[in-house]
Structure formats: C-alpha cells, structure tokens
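Student:
Residue numbers (the numbering used here): 1 to 115.
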C-alpha cells in the first residue's frame, strides 16, 4: 500500500513564501513521476509542477520563476517551494505520484494567501 502525506500548508500573507513537502511511503517499486496539483474554490484542478525520475520538470508556465519543484530520491520526498504568493494562489495543493503506471494522491493541504 502506498501513502502520500503532505505538510507545510497554512496561512501566509501576500508576497510571502511557503514550502510544501510530500513524503511517499509503502510498496514503492519505481516512481515515474511526482508532482503537485492544486484546486481553488470553484475552479478545476490544475497541474502546478511535476518532476520525473530522471529529474526533468514540467512547470506550469504562469508559475515559472515563483514555484520550484524538487525531490529527494533517497527519502522519497517531493517539495514545492512557493515564493511571492498572491491571493490567487489560494487553493488546496495535492501531491501525487505515478508509480509503475498507477496514480496515487495525498489528502491535500490548504494554502491560503491573505492579509
């Protein structure tokens, strides 16, 4: 059984930074891709960023320069550094992993950008 547990969400003022972390545990044979999605109230879920097993990243164009994804293969973690946050980045951020072709999801962590 595979589990994804996120941490690091919370309330931050506009212009501030947050770092999200996701730890993947369980029966992990081969992780193809890890990444983050987000869903804001009333909007569809959208990809924030992903990183493949060889380190290639796929970043949402509108977030490039502010969001950075990274991973630690030894720890099976994937982090998302978020900087210069405006209120529009408020959403539930969910970690996901594609493990041998099967998608797994974390429970999500709330990020609220507000003064």
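C-beta: ideal position from N, C-alpha, C; glycine also.
#1: Who are residue 31's beta bridge partners in DSSP?
#2: Counting C-beta neighbours from all protein chains within 10 Å, is the total for residue 46 16 or more, i.e. buried, or is it exposed?
#3: Which whole-angstrom value describes the C-beta separation of residue 51 and residue 78, a residue pair presumed to lie in contact below a C-beta threshold of 8 Å?
#4: Can the beta-carbon of residue 28 be found less than 8 Å from the beta-carbon of residue 12?
#5: In whole angstroms, what separates the C-alpha of residue 116 from that of residue 101?
#6: Quick check on residue 89: buried or exposed, where buried means 16 or more other Cβ atoms within 10 Å of its Cβ?
#7: What span of residues does the beta strand (DSSP E) with residue 57 cover, start to end?
#8: Using a 10 Å radius around the Cβ and a threshold of 16 neighbouring Cβ atoms, would you call residue 38 buried or exposed?
#9: Name the DSSP bridge partner or partners of residue 7?
#10: Using the Cβ count rule (16 or more neighbours within 10 Å means buried), how would you classify residue 75?
#11: Should residue 35 go down as buried or exposed, given a rule of 16 or more other Cβ atoms within 10 Å for buried?
Tutor: The answer reads as follows:
#1: 99
#2: exposed
#3: 7 Å
#4: no
#5: The shown model of the chain, from 1 to 115, leaves out residue 116, and the question about it has no answer.
#6: buried
#7: 57-59
#8: buried
#9: 21
#10: exposed
#11: buried
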